[in-house]
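Everything below concerns the one structure shown next.
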Amino acid sequence: MAAAGTTEQRYDHKEIESKWQERWARDGLYRVRDDDPRPKWYELHMYPYPSGDLHIGHWYAMSGADVHARFRRMQGYNVLHPMGFDAFGLNAENAAIQRGIHPYRWTMDNIKHMREQLKSMGTIYDWDREIITCDPSYYRWNQWLFLQLYKAGLAYRAHAPVNWCPSCVTVLANEQVIDGLCERCDTPVTQRDMNQWFFRITRYADELLDHSKMDWPDRLNTMQTNWIGRSEGVEIDFDISEHGLKEKTLRTFTTRIDTIYGVTFVVLAPEHPLVDALTAPERKAEVDAYVEAARRQTDIQRLSTDKEKTGVLTGAFCVNQLNGERVPILVGDYVLLTYGTGVVMGVPAHDQRDFEFATRYGLPIRVVVAPPDWDGGALAEAYTEEGAQVNSAEFDGLPSADGMQRIAAHIEAQGWGHRTVNYRMRDWLISRQRYWGTPIPMIHCERCGTVPVPEDDLPVVLPEDAEFLPTGESPLALHQGFVNVECPQCGQGAKRETDTMDTFVDSSWYFLRYTSPDTHDRPFDPEAVRRWNPVDQYTGGVEHAVMHLLYARFFVKALRDLGLLDFDEPFVRLFNQGTILANHQKMSKSRGNVIAPDSYVETFGADTIRCYLMFLGPWEQGGDWSDSGINGMARWMNRVWELAQRDARQLDDFPRDEAAVRDLKRSVHKTIRRVTDDMERFKFNTALAALMEYTNSLNQAWERKGIVSEDWNDAVEKLLLLLAPLAPHIAEELWERTGHRRVGAGLKSSTKLDRHQLSSVHSQSLPDWDAALAADDVVTLVVQVNGRVRDKIEVPASVSEDEAKATALASQRVAAHIEGKQIARVIYVPGRLVNIVAR
RNA sequence: GCCGAAGUGGCGGAAUGGUAGACGCGGCGGUCUCAAAAACCGUUGGGAGUUAAAUCCCGUGUCGGUUCGAAUCCGACCUUCGGCACCA
559 MAAAGTTEQR YDHKEIESKW QERWARDGLY RVRDDDPRPK WYELHMYPYP
609 SGDLHIGHWY AMSGADVHAR FRRMQGYNVL HPMGFDAFGL NAENAAIQRG
659 IHPYRWTMDN IKHMREQLKS MGTIYDWDRE IITCDPSYYR WNQWLFLQLY
709 KAGLAYRAHA PVNWCPSCVT VLANEQVIDG LCERCDTPVT QRDMNQWFFR
759 ITRYADELLD HSKMDWPDRL NTMQTNWIGR SEGVEIDFDI SEHGLKEKTL
809 RTFTTRIDTI YGVTFVVLAP EHPLVDALTA PERKAEVDAY VEAARRQTDI
859 QRLSTDKEKT GVLTGAFCVN QLNGERVPIL VGDYVLLTYG TGVVMGVPAH
909 DQRDFEFATR YGLPIRVVVA PPDWDGGALA EAYTEEGAQV NSAEFDGLPS
959 ADGMQRIAAH IEAQGWGHRT VNYRMRDWLI SRQRYWGTPI PMIHCERCGT
1009 VPVPEDDLPV VLPEDAEFLP TGESPLALHQ GFVNVECPQC GQGAKRETDT
1059 MDTFVDSSWY FLRYTSPDTH DRPFDPEAVR RWNPVDQYTG GVEHAVMHLL
1109 YARFFVKALR DLGLLDFDEP FVRLFNQGTI LANHQKMSKS RGNVIAPDSY
1159 VETFGADTIR CYLMFLGPWE QGGDWSDSGI NGMARWMNRV WELAQRDARQ
1209 LDDFPRDEAA VRDLKRSVHK TIRRVTDDME RFKFNTALAA LMEYTNSLNQ
1259 AWERKGIVSE DWNDAVEKLL LLLAPLAPHI AEELWERTGH RRVGAGLKSS
1309 TKLDRHQLSS VHSQSLPDWD AALAADDVVT LVVQVNGRVR DKIEVPASVS
1359 EDEAKATALA SQRVAAHIEG KQIARVIYVP GRLVNIVAR
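Each position in the first sequence, counted from 1, maps to that position plus 558 in this note's numbering.
In structure tokens:
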């Protein structure tokens, strides 16, 4: 007995769902064949991290993707909709430290469990193509691809200040730092100087800005564009030869070269390599203290925009070569080493930060671009708009936009600098000081330097007997058997690289591996990739906008340039589904607010949960989880179950009535059209609403009589076909129960499917609609007077404009509202309304 | 601060220039039942009006505008969410 208030199932969902899941697997219904003659459709959903349990958010995301993939399949495509696991990552390693379970076992146990859960959803994944990234057969190709990128100069090692998460005890890519906090654990990130491996994604910055070859949401394109942050400007040298250093100039970057005559100081980033050399002996103590303090700050402290701009004088000077003026050099922490050249020319009159800085330290403020109606006096704040050049020697009087060009040309002619482009995006830092990731296949030899592991020696396998201690040291670095190695070049003792790769490397090409997961001699079979890629439809959460989606695009472009691929973009279409929240918060294990689907599946079955989730609202919207409406979906499933199994022969006792048949057909064809359009656009909520309306109208048609069994059975068949992508089990069971055991309906005979496969509802084609049959022959015309509804009249759909207007004007209800008024105009919208404008 | 999206009944939402509230939940009334649950039928934005109806008015965050007609387009503002943010 169900609990009070819970809808009782009229059918045994457990029995039919397990029956069909087993039979589909046995018949290989969802096995994807490369030799299928139908046009291909690659529909991919972002693979999950194997955290251990599928929560309701996974169901929401995966159900929508599965519905759409099934829909395409029934539209006649050979659909590849694969699934796998993003199996490397910190959780597994933390479990090892905390509970002594080896990351491999922890991960594989989770995968085993999650795979079963995914199967219980009734998805069409072809498990023969599953990918598990922590398997050496997968990650060896991470290593191989790394070596190709290294050979091409796209992977390099550099000593650089990097983001460090003290809690995860590893470095992070810029993309993984959110508001100065670690993306994973919200710990404030600090800076460290370390030798690290990078991928040269910046080489592709301009191409990554081009979204014209894809059909992506504008929002996504904007996010990537903002992230890349292209800005055009000029690099200009300031003369520091008076200090007698090896470096004779100090290079700065500016987007406002028109303000060059307004430079009254120059500021170095605290980490700038010339800080020490330029600092005068008497200033050393103060500068050292300042630099030290800056380095100790976290990013959030340092990058806080409302913090006062601080700095110290170095005692050194440089010369602005345009006017020969000597200006002081300072160190200030508002200057970032990682952007531009790490040196800023201070133009306080025309940059608000410089203005605040100059005001605080009493540095001169000289206007060189005049604001409109400027009286020549001091400014209250920086003027950052365009204007006329003043105090700018021979450029005086020019509009600053022209000044910009002329001054840049002058500087280039003099050899003091050149026009250039800067990007906010940095190279992708892929080193991680952790165990559970792909070992970077490099060896450090004292004699030969950094030497790649020969391709024949791949994979570099993670040692199984590593020790997981809560010390923060990488288990690989402590593992002597792993570290000590012969140099492949000179044969002498050498040290293995102990950093592992960011897991985003794995996901940057997994969509290639799905096409040929068993290929052993290369990362993917070029033929298979050519057949399936690029991905036609990618779905997943928007949180990957500037990480995974940018990295994968970079990979494809780099592999293309290596001759491994012949297309430019990995994902042609992209759709971001929304997130299911729990009490307005993102669901996560650490918050402890994860909603498990298990008990709902137990009570209502997978079909009902899938449909309920899809019915909540538009798929892109997500929303707060509530189970308050789930009974309604269960109730509807029961109604479908009952309705599809009625014995239609009793209808034959009544005479066939053409009007009733026509109305039923109209309902059938309108529904096919609506559901098809909605599914196409991921509007599963309105597709379901259309199906619900359809079952309501089928009920009415049954009550009304006048249709015969043939009409009814045809209408029910259409219902099952349209329902199949959403509720695959019940649709299949009812398909069988309504006598559809025949072979081959709607499938081309050349496909190599056996009779079990062909008899499945999921092997049928979606029905087509007939516009003539879907058309109304009577329409309701709304009659308005001055825009307010006053009457509704039924007219034939073929009504002419004159007839419609005449009928509207003849309405009694209208008469009362136009009495004593002049009719100024009558507006007619065909098939919809007549609006009488009366004054 | 800049850029973008959103704001509609008690609730999830539908309608993207033409009947606001499709579809569903919940509520209310009824049928069945000893009773309940389930199921089924009816009803359900607010107000005025009437024995009952007809009918009328108000209503899509706020205020204005464009239009014969605005949830929808435009302007300003408020709120929420997302992105970027000392990027020179």
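For glycine and all other residues, C-beta sits at the position ideal for the given N, C-alpha and C. Computed from a predicted model, the values in this text were never measured in an experiment.
Straight-line CA distance for P1176 to V1011? Within the first sequence, numbered from 1, the residue matching residue 1176 stands at position 618. Within the first sequence, numbered from 1, the residue matching residue 1011 stands at position 453. Between P1176 and V1011, the C-alpha separation is close to 50 Å.
Range of the contiguous beta strand (DSSP E) that encloses K598: Mapped onto the first sequence, residue 598 falls at position 40. K598 to H603 is the extent of the beta strand (DSSP E) around K598.
Taking the Cβ atom as the reference point for each residue, do V1041 and K1053 lie within a distance shorter than 8 Å? Sequence index remark: in the first sequence, residue 1041 carries index 483 (1-based). Sequence index remark: in the first sequence, residue 1053 carries index 495 (1-based). For V1041 and K1053, yes; Cβs fall inside 8 Å.
Could you tell me the distance, in whole angstroms, from the CA atom of D737 to the CA atom of V727? Along the first sequence, read from residue 1 onward, the residue named residue 737 stands at position 179. Along the first sequence, read from residue 1 onward, the residue named residue 727 stands at position 169. Rounded to whole angstroms, D737 to V727 spans 19 Å at the Cα level.
Would you check if the distance between the CB atom of G945 and the CB atom of A928 is smaller than 8 Å? Counting from one through the first sequence, the residue named residue 945 turns up at place 387. Counting from one through the first sequence, the residue named residue 928 turns up at place 370. Taking 8 Å as the Cβ cut-off, G945 and A928 qualify as a contacting pair.
Could you check what DSSP says for C1048 in three-state terms: helix, strand or coil? Here residue 1048 refers to the residue found at position 490 when the first sequence is read from its first residue. Looking at C1048 - three-state DSSP - the assignment turns out to be coil, as it is neither helix nor strand.
Coarse secondary structure for I1381, derived from DSSP in three states: Taking the first sequence and counting its residues from 1, the one referred to as residue 1381 is at position 823. I1381 falls in the strand class under three-state DSSP.
Output the distance between the C-alpha atoms of Y1170 and A619, rounded to the nearest integer angstrom. If you number the first sequence from 1, residue 1170 lands on position 612. If you number the first sequence from 1, residue 619 lands on position 61. About 13 Å.
Is the distance from the Cβ of R750 to the Cβ of V720 below 8 Å? For this step, residue 750 is matched to residue 192 along the first sequence. For this step, residue 720 is matched to residue 162 along the first sequence. Closer than 8 Å, so yes.
Proximity to T1029 [Cα-Cα], best of P724, V833 and V1343: Residue mapping note: residue 1029 aligns to position 471 of the first sequence, counting from 1. Answer by Cα proximity: P724.
When R964, M983 and A1035 are compared against P997, the one with the closest alpha-carbon: Along the first sequence, one-based indexing puts residue 997 at 439. P997 has its Cα closest to that of A1035, out of R964, M983 and A1035.
Pairs of beta-carbons, one from the segment 1085 to 1093 and one from the segment 1123 to 1141, closer than 8 Å: are there three or more? yes
Contacts around K1350, its chain only, beta-carbon distance under 8 Å, and the 5 residues preceding and following it disregarded: The residue labelled residue 1350 in the question sits at position 792 within the first sequence. Excluding sequence neighbours, K1350 sits near T1338, L1339, V1340 and V1341.
Sequence-distant residues of its chain with Cβ nearer than 7 Å to K1115 (five each side left out): Taking the first residue of the first sequence as 1, we reach residue 1115 at position 557. For K1115, where only same-chain residues beyond five positions count, the Cβ hits under 7 Å are Y762, E765 and D1126.
Short Cβ contact (8 Å threshold) for P640 with Y683: Indexing the first sequence from 1 puts residue 640 at position 82. Indexing the first sequence from 1 puts residue 683 at position 125. Cβ distance < 8 Å, so P640 and Y683 count as in contact.
Is it true that the CB of R687 sits closer than 8 Å to the CB of V590? To locate residue 590, count along the first sequence from 1; it is residue 32. To locate residue 687, count along the first sequence from 1; it is residue 129. Yes. Within cutoff.
Just to check my reading of the structure: W994 and F646 have Cβ atoms closer than 8 Å, yes? What is that Cβ distance to the nearest angstrom? As a first step, residue 994 must be located in the first sequence, where it is residue number 436. As a first step, residue 646 must be located in the first sequence, where it is residue number 88. Their Cβ separation, rounded to whole angstroms, is 6 Å, which keeps W994 and F646 in contact under 8 Å.
Quick one: residues in its chain with C-beta nearer than 6 Å to the C-beta of A1303, no 5 flanking neighbours on either side, listed in chain order? Residue mapping note: residue 1303 aligns to position 745 of the first sequence, counting from 1. Any answer about A1303 is weak, because its pLDDT of 46 lies below 50 and its placement is not dependable; what the coordinates show is given next. Taken in chain order, the residues that qualify are Q1322.
Check whether the segment 618 to 632 touches the segment 1134 to 1145, taking contact to mean three or more Cβ pairs, one atom from each stretch, closer than 8 Å. yes
Taking the alpha carbon of L1391 as the point to measure from, which residue in K1363, A1374 and K1379 has its own alpha carbon closest? On the first sequence, residue 1391 is found 833 positions in, with the first residue counted as 1. Comparing Cα-Cα distances from L1391 to each of K1363, A1374 and K1379, the minimum goes to K1363.
Below 8 Å between beta carbons: does that hold for F629 and M1191? Numbered from its first residue, the first sequence carries residue 629 at position 71. Numbered from its first residue, the first sequence carries residue 1191 at position 633. Not closer than 8 Å, so no.
Consult DSSP for H613 and reduce its assignment to one of helix, strand or coil. Position 55 of the first sequence, counted from the start, is the residue given in the question as residue 613. Coil, per DSSP.
Does the beta-carbon distance from I1265 to W1199 come in below 8 Å? For the purposes of this step, residue 1265 is taken as the residue at position 707 of the first sequence. For the purposes of this step, residue 1199 is taken as the residue at position 641 of the first sequence. Cβ atoms of I1265 and W1199: not closer than 8 Å.
Can you give the Cα-Cα distance for L803 and D834, rounded to whole angstroms? The count along the first sequence starts at 1 and reaches residue 803 at position 245. The count along the first sequence starts at 1 and reaches residue 834 at position 276. Approximately 11 Å, taken between the alpha carbons.
How would you call F1212, buried or exposed, if buried means at least 16 neighbouring beta carbons within 10 angstroms? In the first sequence, residue 1212 corresponds to position 654, counting from 1. Exposed, since its Cβ has fewer than 16 Cβ neighbours within 10 Å.
Assign K1306 to buried or exposed, taking buried as 16 or more other Cβ atoms, counted over all protein chains shown, within 10 Å of its Cβ. Within the first sequence, the letter at position 748 stands for residue 1306. Residue placement at K1306 is flagged as unreliable, the pLDDT there being 48, under the threshold of 50; the coordinate-derived value follows with that caveat. Answer is exposed; the Cβ neighbour count stays below 16.
Sort W974, L1139 and G820 by Cα distance to Q879 and report the nearest one. Here residue 879 corresponds to residue number 321 of the first sequence, with the count starting at 1. Ranking the options by Cα distance to Q879, first place goes to W974.
If you draw a straight line from the alpha carbon of A1368 to that of G1345, how long is it in whole angstroms? Translated into positions along the first sequence, residue 1368 becomes position 810. Translated into positions along the first sequence, residue 1345 becomes position 787. Cα-Cα distance, rounded: 17 Å.
Put A1154 into one of helix, strand or coil per three-state DSSP. Stepping through the first sequence from its first residue, residue 1154 is reached at position 596. Residue state, collapsed to three classes: coil.
Check whether the Cβ atoms of F757 and D985 sit closer than 8 Å, and answer yes or no. Here residue 757 is taken as the residue at index 199 of the first sequence, counted from 1. Here residue 985 is taken as the residue at index 427 of the first sequence, counted from 1. Yes. Within cutoff.
So, for M752: in the same chain, excluding its five sequence neighbours on each side, which residues have a beta-carbon less than 6 Å away from its beta-carbon? Locating residue 752 in the first sequence gives position 194, where the first residue counts as 1. Once the five neighbours on either side are set aside, the close Cβ partners of M752 are V720.
Would you call R1088 buried or exposed, if buried means 16 or more other Cβ atoms sit within 10 Å of its Cβ? As a first step, residue 1088 is located in the first sequence; it is residue number 530 there, counting from the start. Per the 10 Å Cβ criterion, exposed.
Given 8 Å, three or more beta-carbon pairs between the segment 914 to 931 and the segment 834 to 853: no
Identity of the residue in P957, R992, G1049 and N980 nearest C1006 by Cα: Within the first sequence, numbered from 1, the residue matching residue 1006 stands at position 448. Ranking P957, R992, G1049 and N980 by Cα distance to C1006 puts G1049 first.
Determine which residues share a DSSP beta bridge with I749 and list them. Translated into positions along the first sequence, residue 749 becomes position 191. The question names Ile, but residue 749 is Gln in the sequence shown. Per DSSP, N721.
Please go through the segment 1145 to 1226 and give each complete alpha helix (DSSP H) segment of 4 or more residues, from N-terminal end onward. 1156 to 1162, 1164 to 1173 and 1188 to 1202
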